[in-house]
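Just so you know, the protein sequences line up as chains A and B, in that order.
In terms of this note's numbering, the first sequence is residues 1 to 300.
In terms of this note's numbering, the second sequence is residues 1001 to 1235.
No residue lacks a Cβ here, since even glycine has one placed at the ideal position from N, Cα and C.
One structure is given here, and the rest of the page talks about it.
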Amino acid sequence: MEYFIQLFLGGLTRGSIYALIALGYTMVYGIIELINFAHGEIYTIGAFTALITASVLTLYGFNEISILILASLVAVIYSSAYGFTIEKIAYKPLRHAPRLSPLISAIGMSVFLQNYVLLAQTSDFLPFPGLVPEFQFMKKYEHIFSSTELMIFLTTSVVMIILTLVIKFTKIGKAMRATAQDRKMAMLVGVDVNRIVSITFIIGSALAAIGGVLIASHIGQINFYIGFIAGIKAFTAAVLGGIGSIPGAVLGGFILGWTESFATGYVSSDYEDVFAFALLVLILIFRPAGILGKSKAQKV
Amino acid sequence: MLKLVNVKTFYGNIQALKGVNIEVREGEIITLIGSNGAGKTTTLMSISGITPPGSGEILFMDQPIHNVSPDKIVSLGISQVPEGRHIFPQLTVMENLHMGAFLRTDKDGIADDIEYVFGLFPILTERRNQAGGTLSGGEQQMLAISRALMARPRLLLLDEPSLGLAPKIVRQIFDIIRKINSEQKTTIFLVEQNANLALQVANRGYVMENGRIVLEDYADRLLSNEAVKKAYLGL
Ligand SMILES: Nc1ncnc2c1ncn2[C@@H]1O[C@H](COP(=O)(O)OP(=O)(O)OP(=O)(O)O)[C@@H](O)[C@H]1O
Ligand SMILES: [Mg+2]
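Next comes the structure, spelled out in structure tokens:
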């Protein structure tokens, strides 16, 4: 039973990270119907930014918690700036081009950024400091659920709740939903759609950066390639849940997290990805729009 | 108030408007009639900045607006009720109305205007928390008009508000259009296929064929024009 709980909680942690990154894919898709393949690289950039910031702050003798907060903050700002710029450079000029063009541009951006990080940093794995302090009250449960995992779960939950509230109740959130449902009509009521697209990229990138920092401090090492893997997994989660649907991305993230966790725990860790992608194939066959995805109308 | 001068609009290589000249004066109701594919919707979308003209000029209150973005055009005072209503399907009636007031910041004024449109269309009051997509066609048309009014436009563009609605609802909606024009002093640019009805509420009318205005006159004179009778009134 304890083993089961351990796997369950492990899947929860994993799943919440997938969900966080999947939100970026799904929100962008909801607004401009583009799979932003460079989204995973934003996550990588977030992790590297946090690493560099944390190293500098450590030199200056900051304590653990303030390093965690400051490094995350810098990562969020830096990644958002990247997300914003990528959209302006690689996607906006292609807004009215045939659908394949921005998709190819997205893949190009992804490859470019991967190599950029590779050249600017190194191809080796770099150790990433465990930024999350060990909580005293977690000592008893350490063997099934670590402080870092708890932090991941709490942070992602809070972030997702805030996002939901923003989208549901703020003016910008309403404008995002309206744009996703009917872009031309949104323009006709005075929504500056370019601005909404930018905001969507900024929010998505910020979420990816948070995910990057959390997972890096959980796993303890990063390289230029982490975003690619995480990106594909999160993309799988988004498709599972129904791309374009926000609750779908969250649900897809958790389902994928649990699938991987239980497959690894009960079968073999070699099969982790096999199960994840087998699940994707099954969903695509039996429910192509994803679990919560409906027709084109049901997006955000 | 609004002036289109030799407006030419293209979809890629297809030229939908081939030099359109229209003038709308403050306070009047004008109608643009024409058969399918004549270019009526394109005319409205050109005014709203969604399909900006390739050449020609559009002036609103003597200011050129043909290079202005759609959101700025709304803020200048032009709102559109597009063909097919385009209600945001997953937003509630209230949220749809608030989207109509997107560029406004006067909370009290917005609340007053919501009361005003609920007064015009009492059925919307009952539907206020229902998703827009679940409304009937007639209710959606009422909501689309209400949403456009929420911007407090000086010029209201209406694209085929009678489309697919029962005669009773159509009459109700046309009564409201007249009321908006007389009470709110909102100038109205009405696109219709139902020429008979449109010419009865309008002061003046334009007839469009193949991307060109082929006839313009006072509405009553168009109603008795032999060519119009034959082509558009089914007489
Ligand atoms: N998005 C588009 N791409 C290409 N051609 C278009 C597009 N929209 C309209 N057209 C063409 O432009 C011309 C004018 O169309 P428009 O929709 O303005 O006509 P309309 O008068 O509103 O017709 P209806 O009464 O059927 O609504 C038509 O020939 C139409 O085929
Ligand atoms: Mg039309």
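Could you give the C-beta distance for residue i and residue j, rounded to a whole number, given that I count them as a contact under 8 Å?
i         : j         : result
A/Phe277  : A/Thr259  : Between A/Thr259 and A/Phe277 the Cβ distance is about 10 Å, and since that is not below 8 Å, they are no contact.
B/Phe1088 : B/Gly1132 : 5 Å
A/Lys174  : B/His1098 : 7 Å
A/Arg14   : A/Gly220  : A/Arg14 to A/Gly220, Cβ: 15 Å. No contact.
B/Asp1159 : B/Pro1052 : Not quite, the Cβ-Cβ distance comes to about 17 Å (not below 8 Å), so this is no contact.
B/Ile1110 : B/Leu1156 : At roughly 18 Å, the Cβ-Cβ gap does not stay under 8 Å, so B/Ile1110 and B/Leu1156 are not in contact.
A/Ser268  : A/Leu7    : Not a contact, Cβ separation roughly 13 Å.
B/Gly1056 : B/Phe1010 : About 11 Å; that fails the 8 Å criterion.
A/Val76   : A/Ile172  : Not quite, the Cβ-Cβ distance comes to about 18 Å (not below 8 Å), so this is no contact.
A/Ala38   : A/Gly253  : Going by Cβ atoms, the distance from A/Ala38 to A/Gly253 rounds to 19 Å, so no, they are not a contact pair.
B/Leu1233 : B/Ala1195 : 6 Å
B/Ser1035 : B/Ile1073 : At roughly 27 Å, the Cβ-Cβ gap does not stay under 8 Å, so B/Ser1035 and B/Ile1073 are not in contact.
A/Ile196  : A/Met176  : 6 Å
B/Val1007 : B/Ile1058 : 6 Å
A/Pro102  : A/Leu94   : 4 Å
A/Gly24   : A/Ser205  : 7 Å
A/Thr44   : A/Ile215  : Between A/Ile215 and A/Thr44 the Cβ distance is about 11 Å, and since that is not below 8 Å, they are no contact.
Relative to the C-alpha of residue i, which residue among the options is closest?
i         : options                                       : result
A/Ala90   : A/Ala237, A/Phe153, A/Gly108 and A/Ser80      : A/Gly108
A/Tyr116  : A/Glu41, A/Ile203 and A/Gly24                 : A/Glu41
B/Leu1165 : B/Glu1139, B/Glu1057, B/Val1117 and B/Glu1183 : B/Glu1139
B/Gly1019 : B/Glu1209, B/Ile1050 and B/Gly1234            : B/Glu1209
A/Leu9    : A/Met185, A/Tyr141 and A/Phe135               : A/Tyr141
B/Ser1162 : B/Thr1186, B/Ile1047, B/Thr1092 and B/Ala1198 : B/Ala1198
A/Ile67   : A/Leu34, A/Tyr78 and A/Ile52                  : A/Ile52
A/Leu251  : A/Ile17, A/Phe4 and A/Glu2                    : A/Ile17
A/Glu87   : A/Gln6, A/Ser105, A/Thr148 and A/Pro133       : A/Ser105
A/Gly293  : A/Thr26, A/Ile202, A/Ser205 and A/Tyr43       : A/Thr26
A/Leu59   : A/Ser72, A/Pro129 and A/Lys92                 : A/Pro129
A/Gly241  : A/Leu150, A/Leu282 and A/Ala54                : A/Leu282
B/Met1045 : B/Ser1035, B/Asn1067, B/Ile1029 and B/Met1061 : B/Asn1067
B/Ser1182 : B/Phe1118, B/Gly1027 and B/Ile1050            : B/Gly1027
A/Ile243  : A/Gly290, A/Ala206 and A/Tyr266               : A/Gly290
B/Gly1205 : B/Asn1194, B/Arg1212, B/Ala1231 and B/Leu1222 : B/Leu1222
A/Leu126  : A/Glu2, A/Phe286 and A/Thr49                  : A/Thr49
A/Leu279  : A/Ser245, A/Ile77, A/Pro247 and A/Phe235      : A/Phe235
B/Gln1080 : B/Arg1147, B/Ala1016, B/Ile1114 and B/Gly1037 : B/Arg1147
A/Pro247  : A/Tyr266, A/Met160 and A/Leu207               : A/Met160
B/Leu1017 : B/Val1214, B/Lys1229 and B/Val1228            : B/Val1214
A/Thr156  : A/Met185, A/Leu12, A/Glu2 and A/Asp124        : A/Leu12
B/Thr1105 : B/Met1061, B/Ala1151, B/Phe1118 and B/Arg1128 : B/Ala1151
A/Ser79   : A/Pro98, A/Ala208 and A/Ala238                : A/Ala208
Please list, in chain order, the chain A residues whose beta carbon lies closer than 7 Å to that of residue i.
i         : result
B/Gly1100 : Val189
B/His1066 : Within chain A, no residue comes near B/His1066; the closest Cβ sits about 16 Å away, beyond 7 Å.
B/Phe1088 : Ala178, Gln181, Asp182 and Met185
B/Pro1070 : Met187 and Leu188
Give me the chain A residues within the contact set of residue i, using Cβ-Cβ distance strictly less than 8 Å, ordered along the chain.
i         : result
B/Ser1075 : Gly190
B/Phe1010 : Those within 8 Å of B/Phe1010 in chain A number zero; the least Cβ separation is about 13 Å.
B/Leu1091 : Lys174, Arg177, Ala178 and Gln181
B/Arg1147 : Val189
Using a C-beta to C-beta distance shorter than 9 Å, which residues of chain A count as neighbours of residue i?
i         : result
B/Ile1050 : Lys184, Met187 and Leu188
B/Glu1095 : Lys174, Arg177 and Ala178
B/Pro1082 : Lys184, Met185 and Leu188
B/Ala1151 : Val189 and Gly190
B/Arg1212 : Result: empty, since nearest Cβ-Cβ is about 25 Å, beyond 9 Å.
B/Arg1128 : Those do not exist, as B/Arg1128 stays about 15 Å from chain A at its closest Cβ, beyond 9 Å.
Whose Cβ in chain B lies nearer than 9 Å to the Cβ of residue i?
i        : result
A/Ala289 : What A/Ala289 touches in chain B: nothing, since even the nearest Cβ is about 15 Å away.
Anything in chain B within Cβ reach of residue i, meaning under 8 Å, just list it in chain order.
i        : result
A/Ala175 : Met1099 and Phe1102
Taking 8 Å as the cut-off, is the CB of residue i close to at least one heavy atom of ligand 3?
i         : result
B/Asn1036 : Because ligand 3 does not appear in the structure shown, any question about it cannot be addressed here, the ligands present being ligand 1 and ligand 2.
Does residue i get closer than 9 Å to chain C when you measure Cβ to Cβ?
i        : result
A/Lys171 : Included in the structure are the protein chains A and B, with no chain C among them.
> Who's in the neighbourhood of ligand 2, going by beta-carbon under 7 Å from any heavy atom, listed in chain order?
Replying inline: B/Lys1040, B/Thr1041, B/Glu1083, B/Asp1159, B/Glu1160 and B/Val1191
> Which full runs of the alpha helix (DSSP H) of 4+ residues lie inside the stretch 172-209 of chain A, going along the chain?
Replying inline: 183-188
>> At 3 residues or longer, what runs of the beta strand (DSSP E) sit wholly inside the stretch 59-112 of chain A?
In response: none
> Which whole runs of the alpha helix (DSSP H) in the stretch 1033-1108 of chain B are 4 residues long or more, in chain order?
Replying inline: 1040-1048, 1070-1076 and 1093-1100
> In chain order, which continuous runs of the alpha helix (DSSP H) of length 4 or greater are located wholly inside the stretch 226-261 of chain A?
Replying inline: You should have 226-241.
> What are the start and end residues of each continuous beta strand (DSSP E) run of 3 or more residues lying completely inside the stretch 1144-1185 of chain B, in chain order?
Replying inline: 1155-1159
> Which residue spans inside the stretch 108-147 of chain A form an unbroken beta strand (DSSP E) run of at least 3?
Replying inline: Qualifying beta strand (DSSP E) stretches: none in this window.
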